[in-house]
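Visitor: Below is the structure I would like to discuss, written out as structure tokens.
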Amino acid sequence: MSLGNMIMMPWSSIKEKFERSEQSINRHIRDFELESQISALEVSVTGTRAVQDALANVRIVAKSSLPFRNLFYPRNHNFIGREGELALLDSTLRPTDNSGIRSCAIHGIAGIGKTQLAVEFTHRHGPTFDCMVWLAAQDHVNLATGFSSLYARLHIGPSTPDQQSITEAVKQWLSESSRWLLVFDNVEDWATIAPYWPATGNGSIIITTQNPAVAQITTRHIELRSMSVQEGQQLFFAHLGRSITAVPQQDVSIAASLSEELGGLPMALAHLAGYISQSQTSLESFRLQFHRRLQGSEIWNSRPTTTTAFHSQRLGALWDIAINGLDEDSRNLLEKVSFLNPDVIPEELLLRGRNDTNSIAKFNRAIADLRKRCLIDRSPNSRPPYVSVHRALQRSMTFRLDSSGYASTFVQVFELVRSAFPRRDKLEIPDHHNWELYEQYLPQVLSLQARATDLDLPPGSLIEFADMLSDAGHFLWHRGDLQGAADTLQSAEKMCRRAPEHASASTLASVATGLQAVANAVGVSKRKEAIEYAREAVRLRVKYRVADAHTADILLANAWHDLGCTYLEAEEYARAEDCLNYSMAIKKQIGTEDSMPFEFATEYEDLAYVRLSQGRTQDALDLIQGAVRVAKSDETANRAVLLQFVFDWAVILLNSGQFEEALRKAQEAFDGREKILGQYAIHTLNSLYWVANALYHLGRLRESE
Numbered sequence: 003m004s005l006g007n008m009i010m011m012p013w014s015s016i017k018e019k020f021e022r023s024e025q026s027i028n029r030h031i032r033d034f035e036l037e038s039q040i041s042a043l044e045v046s047v048t049g050t051r052a053v054q055d056a057l058a059n060v061r062i063v064a065k066s067s068l069p070f071r072n073l074f075y076p077r078n079h080n081f082i083g084r085e086g087e088l089a090l091l092d093s094t095l096r097p098t099d100n101s102g103i104r105s106c107a108i109h110g111i112a113g114i115g116k117t118q119l120a121v122e123f124t125h126r127h128g129p130t131f132d133c134m135v136w137l138a139a140q141d142h143v144n145l146a147t148g149f150s151s152l153y154a155r156l157h158i159g160p161s162t163p164d165q166q167s168i169t170e171a172v173k174q175w176l177s178e179s180s181r182w183l184l185v186f187d188n189v190e191d192w193a194t195i196a197p198y199w200p201a202t203g204n205g206s207i208i209i210t211t212q213n214p215a216v217a218q219i220t221t222r223h224i225e226l227r228s229m230s231v232q233e234g235q236q237l238f239f240a241h242l243g244r245s246i247t248a249v250p251q252q253d254v255s256i257a258a259s260l261s262e263e264l265g266g267l268p269m270a271l272a273h274l275a276g277y278i279s280q281s282q283t284s285l286e287s288f289r290l291q292f293h294r295r296l297q298g299s300e301i302w303n304s305r306p307t308t309t310t311a312f313h314s315q316r317l318g319a320l321w322d323i324a325i326n327g328l329d330e331d332s333r334n335l336l337e338k339v340s341f342l343n344p345d346v347i348p349e350e351l352l353l354r355g356r357n358d359t360n361s362i363a364k365f366n367r368a369i370a371d372l373r374k375r376c377l378i379d380r381s382p383n384s385r386p387p388y389v390s391v392h393r394a395l396q397r398s399m400t401f402r403l404d405s406s407g408y409a410s411t412f413v414q415v416f417e418l419v420r421s422a423f424p425r426r427d428k429l430e431i432p433d434h435h436n437w438e439l440y441e442q443y444l445p446q447v448l449s450l451q452a453r454a455t456d457l458d459l460p461p462g463s464l465i466e467f468a469d470m471l472s473d474a475g476h477f478l479w480h481r482g483d484l485q486g487a488a489d490t491l492q493s494a495e496k497m498c499r500r501a502p503e504h505a506s507a508s509t510l511a512s513v514a515t516g517l518q519a520v521a522n523a524v525g526v527s528k529r530k531e532a533i534e535y536a537r538e539a540v541r542l543r544v545k546y547r548v549a550d551a552h553t554a555d556i557l558l559a560n561a562w563h564d565l566g567c568t569y570l571e572a573e574e575y576a577r578a579e580d581c582l583n584y585s586m587a588i589k590k591q592i593g594t595e596d597s598m599p600f601e602f603a604t605e606y607e608d609l610a611y612v613r614l615s616q617g618r619t620q621d622a623l624d625l626i627q628g629a630v631r632v633a634k635s636d637e638t639a640n641r642a643v644l645l646q647f648v649f650d651w652a653v654i655l656l657n658s659g660q661f662e663e664a665l666r667k668a669q670e671a672f673d674g675r676e677k678i679l680g681q682y683a684i685h686t687l688n689s690l691y692w693v694a695n696a697l698y699h700l701g702r703l704r705e706s707e
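The sequence shown begins at 3 in our numbering and counts up by one.
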């Protein structure tokens, strides 16, 4: 071996080892880079999933337009005094960072100026708040309407007919927002406003109320007392349009005397000054007249607590003077508005039956006569135009009527409201096309309901009034207001029971049907009551048939069907089947799937549940598929109704073990209901539950949570 070869051999060996090492190093580098890319991808995927999970909890709504003002009353430029109370309101309600909900109740007797104090605060401190909302809070119907308006005008969420969804969405918006002010005006009790009170948030709330017990729920409270004599003088002359420094001393003394005699009640002072101003009576002549009338005036306020602040006869005397100067037309109109909702009485309601120019002119003269005596307020520029009247004056007017006059006026007002409030059709189906009219005139119906207790009416009027209450009760049930529906339908039932059964049977059966639906919606605690009402409806439909035979048959079939559904809810399946078979037999005698698609679809739907309870799953599936097929052929059926059948299909599919198909149908029902009814509606939540149920049975546990 040569020396050259001897030298090359080790070098070649070294080179080969070097190349192998280099290759190993490059392989490790590639492996490291690949692992780095995989790790980065895993982090990205994990982050994406986290974002997706977070997005599921994000509410995306249209941007609200702030600042927002929805104040019911304009500023009262004759407002006098109350500086201490305004300062207390400001210190209590002024927004601060993360201080939670701040609240103050203003309470006192009627006419003491609670509402006007709140009005002055909202106008004086408006720039302090981004959102200010005034809510008429005497009952939950007005509150629901106010929340619906706020929901729409602030673009809080998509359009939905479900009141519960609207209420919860507005409360959620308030909880997530700050620098807002709610005014709950004229609260009667805590239970009325509790469903509308935000649980959290950084805003402010004012309550005005005659009930001092309500003040216990707020951060602070103000007991509004009578004005001092000096403040009463200033208010008096402000309403007369005169400066206290520019009037004779005699007039100043008379004003002081009147302020003291009226107990410093702002409403009385304002009415008195308005009467004097419009009648152009001197203070001296008015004082003499007032003192003669004072001794014979009625006590208009029945609340014993009011006598601790002033002599109730004095306010009665004030209205006595004003009312005695009215002509017959003006007085009749004032008596009528005393039976209606005091805050908003649509003029078109009062004008019903006044079709000729002479009658309309008499109406306008009566309005002018009442306005000049400050007995009513008119809002002609509102849409629609309306008048309003003070509650205390309403009470005073009704106290003046004897039993016969009270009943006669009540019937006249009822006939006006009945002509405006939509009727359900002969098959007990509410007129959904007139939903806005139901909303508009419902406060008038409820006002009459409150004034009808133990009223002695002729049987015909009594039944007609109960029938209107039944219409209102069914509307409230369809809107999801179970308590309002129950109250109104129970009032209707009591009135029907006071009339001969043969005369009230049709209305009473309608009322029983409504009460059965409400009781079923409440749940297990009302199940027995629901069965009793459903059985009563069947009894009445069997015993007292309406004149039209076809209508009578359908009403009877529906009564049997409702009873069958109630037995289904109670899990009494054998009885449910019997009732549903009775209903189906009647419907087959008078119609077909083509002529009565919805009626047949509902029969198939409920019979499917009976078959499911019997273990006959294929029969149940055939029936529910038939129900969906027939329902889709009904051109008048709305989307929400069709989704009920889809939802039932999902339930039956799941109970039949077809989990994948059940999931698809449950998801379809959920998506549709969320869009139509809103995410908080009970039907939407039921659909979501069955989506989760299907996922659980498919073993997709994480998704089902």
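A virtual CB, placed ideally from N, CA and C, is assigned to each residue, including glycine.
State whether the segment 453 to 460 contacts the segment 409 to 418, with contact taken as three or more CB pairs (one from each stretch) at a distance under 8 Å.
Guide: yes
Visitor: Would you report the Cα separation of D580 and Y546, rounded to the nearest angstrom?
Guide: 22 Å
Visitor: Hey, how far is the Cα of A452 from the Cα of V135?
Guide: 27 Å
Visitor: Are the CB atoms of S255 and F238 nearer to each other than 8 Å?
Guide: no
Visitor: Report yes if the C-beta distance between E495 and L510 is below 8 Å; otherwise report no.
Guide: yes
Visitor: Is it true that the CB of S512 sits closer than 8 Å to the CB of S449?
Guide: no
Visitor: Is the CB-CB distance between S754 and T202 below 8 Å?
Guide: Since the displayed the chain opens at 3 and closes at 707, residue 754 lies outside it and no answer follows.
Visitor: Quick check on R356: does DSSP put it in helix, strand or coil?
Guide: coil
Visitor: G276 and R375 look like a contact to me (Cβ under 8 Å); what is the Cβ gap, rounded to whole Å?
Guide: 7 Å
Visitor: Nearest CA to the CA of E349: which residue from A324, I325, S390?
Guide: Cα-wise, what sits closest to E349 is S390.
Visitor: Measuring only the C-alpha atoms, how far is G113 from L226?
Guide: 10 Å
Visitor: Restricting to Cα atoms, I'd like to know which of R380, R385, N144, A652 is closest to H1.
Guide: With the chain represented from 3 up to 707, any question about residue 1 goes unanswered, as that position is not in the structure.
Visitor: Opposite P197 in the DSSP bridges: which residues?
Guide: Beta-bridge pairing links P197 to no other residue.
Visitor: Taking DSSP's pairing of strands, which residues face E225 in a bridge?
Guide: Its beta-bridge partners are H109.
Visitor: Tell me the rounded alpha-carbon separation between A539 and A561.
Guide: 6 Å
Visitor: Would you give the residue range spanned by the beta strand (DSSP E) that T283 belongs to?
Guide: No beta strand (DSSP E) contains T283, which DSSP labels as neither H nor E.
Visitor: Any idea which residues DSSP pairs S390 with across the strands?
Guide: D379
Visitor: From what residue to what residue does the alpha helix (DSSP H) around D164 run?
Guide: Note, D164: premise wrong, no alpha helix (DSSP H); not H, not E.
Visitor: Alpha carbon to alpha carbon, how far is V693 from A642?
Guide: Computed Cα separation, rounded: 18 Å.
Visitor: To the nearest angstrom, how far is the alpha carbon of T94 from that of C106?
Guide: One Cα belongs to T94, the other to C106, and the distance between them is close to 7 Å.
Visitor: Leaving out five residues on either side along the sequence, give the residues of the same chain with a beta carbon under 8 Å from the beta carbon of Q235.
Guide: The answer, listed in chain order, is I246, V254, A257, A258, S261.
Visitor: Just how far apart, CA to CA, sit Y691 and R577?
Guide: 28 Å
Visitor: Would you mind sorting N188 into buried or exposed? The rule is 16 or more other CB atoms within 10 Å of its CB.
Guide: buried
Visitor: Do R356 and I362 count as a contact pair if the criterion is CB distance below 8 Å?
Guide: yes
Visitor: Where does G83 sit, in a helix, a strand or coil, going by DSSP?
Guide: coil
Visitor: My understanding is that D371 touches S406, with C-beta atoms under 8 Å, so please give their C-beta distance in whole angstroms.
Guide: Contact doesn't hold; Cβ gap of about 25 Å is too wide.
Visitor: Which one of G617, I654, T455 has the shortest CA to CA distance from Q627?
Guide: I654
Visitor: With a CB to CB cut of under 7 Å and the five nearest residues on each side skipped, what residues in its chain are close to S167?
Guide: L679, G680, Q681, Y682, A683
Visitor: Output the distance between the C-alpha atoms of K634 and L645, rounded to the nearest integer angstrom.
Guide: Cα-Cα distance, rounded: 10 Å.
Visitor: Buried or exposed: which applies to H476, given that a residue is buried once 16 or more other Cβ atoms fall within 10 Å of its Cβ?
Guide: buried
Visitor: Taking Cβ to Cβ, would you say F70 is nearer than 8 Å to L156?
Guide: yes
Visitor: Would the segment 207 to 214 and the segment 149 to 163 be scored as touching if the rule is three or more Cβ pairs under 8 Å?
Guide: Contact check between the segment 207 to 214 and the segment 149 to 163: fewer than three CB pairs, one atom from each, fall below 8 Å, which does not count as touching.
Visitor: So, with DSSP's three-state summary, where would you put F401?
Guide: Correct three-state label for F401: helix.
Visitor: Can you list, in chain order, the residues of its chain with a C-beta nearer than 6 Å to that of D469? Leave out the 5 residues immediately preceding and following it.
Guide: Closer than 6 Å at the Cβ level, and outside the excluded window around D469, lie T509.
Visitor: According to DSSP, what are the bridge partners of F74?
Guide: Per DSSP, none; premise fails for F74.
Visitor: Roughly how many whole angstroms lie between the Cα atoms of R541 and R425?
Guide: 24 Å
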